[in-house]
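A.B. asks: Structure in structure tokens, see below.
Protein chains in written order, with this note's numbering: chain A, 1 to 423; chain B, 1 to 423.
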């Protein structure tokens, strides 16, 4: 049996996915008597909120990717398995991976979400998503390659196409990416390409809602739109994308933009493994769970994070990291209760607030009833994110990089670096 | 015309290759009146002496890769071109690249060297070279993948194969890699894989000479061999590799080693673009140059660094970074002399010494007539390399990483991270 370790008389808990939800579950469980097996297809945990800083040449990818085994070095009841889960047999309490079969007594499904192209023709082929570390590196390479090519391009229309970037989505990811992209271009790339006229650069943000950051109060969304417009971002509100070709994007308002780079920051759906028997799903293919986060009729199976449709006090969750972390804590506690023969308790989300960064010295946030924008929002965003980033070395190096980025207005990680695939 | 810039009345110097030699040439030339065009297939300069630290999970790849344009931000007579040079027409003074044709008045060929498998069957298919950043990342992924697979492998022979690493070559690269690999395994990986028995790990070094580091005095080579053997490295001296299969390597002494990872740190040859007319070559396909570093019969063309067969005071150079840097300075000076109608002067190498690092607190070196090993060698190696590394941020971050590595005996960059190829 793969992924096996000692103490066969103790129950075995398998956690699929080492994102915020799965990682927190496993970390909260290592103090228990159970045998823990954590499965992920990567050997690292990705700190997703900082992916946009990888894509915009601020941070080395490894700084926001923490080796999973390191977080569990002291745990003796823990086993990590780098594998793809292909199928879960809920009746037989077993899962099929590319490395073989694993059985469980309890299962936690925390497999997260994946990009959904909302039926837009050409999006799957031509858009650049930014949900994984590899995708962020690919986007970084694409942005830098466009400038290298534009520097040699004598045809003004071709050059304009290379220097036009279209961000689809006006949520936190779209806003953060837009702000960081402007700053990358305005200072470091302007200095790198003295022969290019940076007035030819265009950045569009296409937002289906009536303002950016619809999960925050309207005045913060309006503030964000104003800030981004001041930075030169062309924001199309109440607009959708109709289709993409290799060098254009067509909007629902009729405009056709000539561009080499469409960045997809809109639309995700749950990314569950194949389950048998099938489980009812809610919007975005999310697995429906009980208030205790257990699957209906499968009390030994939990689903948390972006893969689950969970509610707290009747309101659905919105898919941010604090929700996933808190669900991980709850599931670990509920599993410990079950191991003691007690009943699991409902999940209750404690909303510590929400933050989004727009750019240098500028962010927005809402904590309790208190809304704020500007420098305070920026500082709080940096503080919160560096606190949650795993690993002292990473924190130190990220702080140094931020000093470099924000004080000197420079970006260090501007290598077009595509590594070969593993053999 | 691509790669063009202002001042057409000034002569145009094209430098191919942004390694130590080409980079130094361009940097020394920007103070001249000439128009400089630097061409490289990457947009970054690779600090090759630290590649082994990328391969052994000590440093993020971006830390030893410096964006070329940043080094020339203040130069107005400079143009960088990210392109592949396909052919040089020495008669027409032009070169063909994948982006089009470029003409030159003066040309500096600094295209370096590439891995040579010395006719060993299977080496090209199965060995892991470590000459580029991408290859170093691939090697890092391979090493970490072997441990992940070994952790799940129940067949002891298969596991042994996964945990056996064979380094071909006992020069500085082979020695540094062997020491760093032992330390990676002995501390961080041992803590990461508590279920693996690290006594199953084997590291071989295959050296064709009678000791490692043949370019250093015999007593330092013997000291190095002793040190590595104390660390557990199995050194085969006076031994060559006969052939490789996907899971074995056969040595000239008859031994067949079962292994998943053969690392090729032996044998390079010059990597010149196709030249017409052809130019005489010396050993390892190196272009023969005059004492002034000019090609014979082509006084407006220079070849330097690993691509050239150059001598200093009658002795051939050995292919280390200080030689390349000093050649770059000489070529820039000779070009300035030529521009003033004066005669180029012969190259003379000033040997500042040689250093190699074996591992934590242990290195060897020779400066003038003074040979030394141990802590002093280690400290000098770190000092010299961090001094030559381009960029203040990189230096600071590398020093912090070294503290982390050498004091805490840990390695941070243990992500198995293969990025997709560029589109």
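Don't be surprised by glycine CBs; every beta carbon is placed ideally from N, CA and C.
Residue 57 of chain B to residue 404 of chain B, Cα distance in whole Å?
C.D. replies: Along the second chain, one-based indexing puts residue 57 of chain B at 57. Along the second chain, one-based indexing puts residue 404 of chain B at 404. Distance between the alpha carbons of residue 57 of chain B and residue 404 of chain B is about 12 Å.
A.B. asks: Look at the alpha carbon of residue 172 of chain B and the alpha carbon of residue 309 of chain B, and state the distance between them as a whole number of angstroms.
C.D. replies: Counting from 1 along the second chain, the entry for residue 172 of chain B is found at position 172. Counting from 1 along the second chain, the entry for residue 309 of chain B is found at position 309. The alpha-carbon atoms of residue 172 of chain B and residue 309 of chain B are separated by roughly 20 Å.
A.B. asks: Per DSSP, residue 375 of chain B forms a beta bridge with which residues?
C.D. replies: Within the second chain, numbered from 1, the residue matching residue 375 of chain B stands at position 375. DSSP lists no partner for residue 375 of chain B.
A.B. asks: In the DSSP assignment, what are the bridge partners of residue 234 of chain A?
C.D. replies: Counting from one through the first chain, the residue named residue 234 of chain A turns up at place 234. Partner(s): A:204.
A.B. asks: Please tell me whether residue 227 of chain A and residue 312 of chain A are closer than 8 Å, where the distance is taken between their beta carbons.
C.D. replies: Indexing the first chain from 1 puts residue 227 of chain A at position 227. Indexing the first chain from 1 puts residue 312 of chain A at position 312. Not a contact, by the Cβ cut-off of 8 Å.
A.B. asks: Cutting at 8 Å between CB atoms, please list the residues of its own chain near residue 245 of chain A, excluding the five before and the five after it.
C.D. replies: Looking up residue 245 of chain A in the first chain gives position 245. Result list for residue 245 of chain A: 122 and 126, in chain order.
A.B. asks: Which chain A residues are close to residue 82 of chain B, counting only those with a beta carbon under 7 Å from its beta carbon?
C.D. replies: In the second chain, residue 82 of chain B corresponds to position 82, counting from 1. Within chain A, the residues near residue 82 of chain B are 148.
A.B. asks: How should residue 350 of chain A be labelled, buried or exposed, when 16 other C-beta atoms within 10 angstroms of its C-beta is the threshold for buried?
C.D. replies: Mapped onto the first chain, residue 350 of chain A falls at position 350. That one is exposed.
A.B. asks: Just reading off the beta strand (DSSP E) that residue 113 of chain B is part of, what are its end residues?
C.D. replies: On the second chain, position 113 is the one that residue 113 of chain B refers to. Its beta strand (DSSP E) spans residues 113-115.
A.B. asks: Rounded to whole angstroms, what is the Cα-Cα separation between residue 191 of chain A and residue 398 of chain B?
C.D. replies: In the first chain, the residue the question calls residue 191 of chain A occupies position 191. In the second chain, the residue the question calls residue 398 of chain B occupies position 398. Rounded to the nearest angstrom, the two C-alpha atoms are 25 Å apart.
A.B. asks: Using only the alpha-carbon positions, how far apart do residue 381 of chain B and residue 261 of chain B sit?
C.D. replies: Locating residue 381 of chain B in the second chain gives position 381, where the first residue counts as 1. Locating residue 261 of chain B in the second chain gives position 261, where the first residue counts as 1. Distance between the alpha carbons of residue 381 of chain B and residue 261 of chain B is about 28 Å.
A.B. asks: May I ask you to report which of helix, strand or coil DSSP gives residue 60 of chain A?
C.D. replies: Along the first chain, one-based indexing puts residue 60 of chain A at 60. Coil.
A.B. asks: Given this structure, state the Cα-to-Cα distance separating residue 143 of chain B from residue 205 of chain B, to the nearest angstrom.
C.D. replies: Reading the second chain from its first residue, position 143 is the one you call residue 143 of chain B. Reading the second chain from its first residue, position 205 is the one you call residue 205 of chain B. In a straight line, the C-alpha of residue 143 of chain B is about 16 Å away from that of residue 205 of chain B.
A.B. asks: How about residue 414 of chain B: is its C-beta nearer than 8 Å to some C-beta of chain A?
C.D. replies: Here the question's residue 414 of chain B lines up with position 414 in the second chain. With 8 Å as the cut-off, residue 414 of chain B counts as an interface residue toward chain A.
A.B. asks: So which residues on chain A does residue 393 of chain B lean against when the C-beta distance must stay under 7 Å?
C.D. replies: As a position in the second chain, residue 393 of chain B is number 393, starting the count at 1. Going along chain A in sequence order, the residues near residue 393 of chain B (Cβ under 7 Å) are 404 and 412.
A.B. asks: Taking the continuous beta strand (DSSP E) assigned at residue 13 of chain A, which residues delimit it?
C.D. replies: Residue 13 of chain A sits at position 13 when you count from the first residue of the first chain. 12-16 is the span of the beta strand (DSSP E), which, as asked, contains residue 13 of chain A.
A.B. asks: Starting from the N-terminal side, write out each stretch of the alpha helix (DSSP H) that is 4 residues or longer and does not extend beyond the stretch 87-137 of chain A.
C.D. replies: Listed in chain order, they are 123-126.
A.B. asks: Looking at the secondary structure, which residues open and close the alpha helix (DSSP H) in which residue 400 of chain B lies?
C.D. replies: By one-based count along the second chain, residue 400 of chain B stands at place 400. Start and end: 392-408.
A.B. asks: Quickly, what does DSSP pair residue 215 of chain B with across the bridge? List them, please.
C.D. replies: Residue numbering aside, residue 215 of chain B sits at position 215 when the second chain is read from its first letter. Its beta-bridge partners do not exist; DSSP assigns none.
A.B. asks: Output needed for residue 26 of chain A: all residues of its chain with C-beta closer than 6 Å, excluding positions within five of it in sequence on either side, in chain order.
C.D. replies: Numbered from its first residue, the first chain carries residue 26 of chain A at position 26. Only 15, 36 and 38 meet the Cβ criterion.
A.B. asks: So, helix, strand or coil for residue 297 of chain A, using DSSP?
C.D. replies: Along the first chain, read from residue 1 onward, the residue named residue 297 of chain A stands at position 297. Reduced to three states, the DSSP call for residue 297 of chain A is coil.
A.B. asks: In three-state DSSP terms, what is residue 85 of chain B?
C.D. replies: Counting from one through the second chain, the residue named residue 85 of chain B turns up at place 85. Three-state result, residue 85 of chain B: strand.
A.B. asks: Which residues, in order along the stretch 48-64 of chain A, keep a beta-carbon less than 8 Å from a beta-carbon of chain B?
C.D. replies: Under the 8 Å Cβ criterion, the stretch 48-64 of chain A contributes 60, 61, 62 and 63.
A.B. asks: Starting from the beta carbon of residue 400 of chain B, find every residue of chain A whose beta carbon is closer than 9 Å, and list them in chain order.
C.D. replies: Working through the second chain from its first residue, we reach residue 400 of chain B at position 400. What residue 400 of chain B touches in chain A: 393, 396, 397 and 400.
A.B. asks: Starting from the N-terminal side, write out each stretch of the beta strand (DSSP E) that is 3 residues or longer and does not extend beyond the stretch 263-307 of chain B.
C.D. replies: DSSP runs (the beta strand (DSSP E)) wholly in the stretch 263-307 of chain B: 268-270, 274-276 and 298-303.
A.B. asks: DSSP state of residue 54 of chain B, grouped into three classes?
C.D. replies: Mapped onto the second chain, residue 54 of chain B falls at position 54. DSSP places residue 54 of chain B in helix when its eight states are reduced to three.
A.B. asks: Given a cut-off of 8 Å on the beta-carbon distance, is the pair residue 179 of chain B and residue 231 of chain B in contact?
C.D. replies: Position 179 of the second chain holds residue 179 of chain B. Position 231 of the second chain holds residue 231 of chain B. Against a cut-off of 8 Å, the Cβ pair of residue 231 of chain B and residue 179 of chain B comes out as a contact.
A.B. asks: Return the residue from the list A:355, A:149 and A:400 that minimises the CA-CA distance to residue 159 of chain A.
C.D. replies: Counting from 1 along the first chain, the entry for residue 159 of chain A is found at position 159. With distances taken between Cα atoms, residue 159 of chain A lies closest to A:149.
A.B. asks: Keeping to the same chain, check which residues put their C-beta closer than 7 Å to that of residue 407 of chain A; ignore five residues upstream and five downstream.
C.D. replies: By 1-based counting over the first chain, the position of residue 407 of chain A is 407. Once the five neighbours on either side are set aside, residue 407 of chain A has no close Cβ partner at all.
A.B. asks: Kindly indicate which three-state DSSP category residue 504 of chain B falls into: helix, strand or coil?
C.D. replies: Residue 504 of chain B cannot be examined here, being either before or after the span of chain B that is shown, 1 to 423.
A.B. asks: Determine whether the Cβ of residue 379 of chain A lies closer than 8 Å to any Cβ atom of chain B.
C.D. replies: For the purposes of this step, residue 379 of chain A is taken as residue 379 along the first chain, with counting starting at 1. Not an interface residue.
A.B. asks: Can you check whether the C-beta of residue 73 of chain B is within less than 8 Å of a C-beta belonging to chain A?
C.D. replies: The count along the second chain starts at 1 and reaches residue 73 of chain B at position 73. At least one chain A Cβ lies under 8 Å of residue 73 of chain B.
A.B. asks: Whole angstroms is fine: what's the gap from residue 78 of chain B's alpha carbon to residue 410 of chain A's?
C.D. replies: Counting from 1 along the second chain, the entry for residue 78 of chain B is found at position 78. Counting from 1 along the first chain, the entry for residue 410 of chain A is found at position 410. One C-alpha to the other measures close to 21 Å.
A.B. asks: Would you give the residue range spanned by the beta strand (DSSP E) that residue 424 of chain A belongs to?
C.D. replies: This structure does not reach residue 424 of chain A, given that chain A is present from 1 up to 423, and the question cannot be answered.
A.B. asks: Check the Cβ-Cβ distances between residue 428 of chain A and every residue of chain B, and say whether any is below 8 Å.
C.D. replies: Nothing in the structure corresponds to residue 428 of chain A, since chain A is present only between 1 and 423.
A.B. asks: Residues in its own chain within less than 6 Å of residue 207 of chain B by CB, not counting five upstream and five downstream?
C.D. replies: In the second chain, the residue the question calls residue 207 of chain B occupies position 207. So the list reads 170 and 237, once near-sequence residues are dropped.
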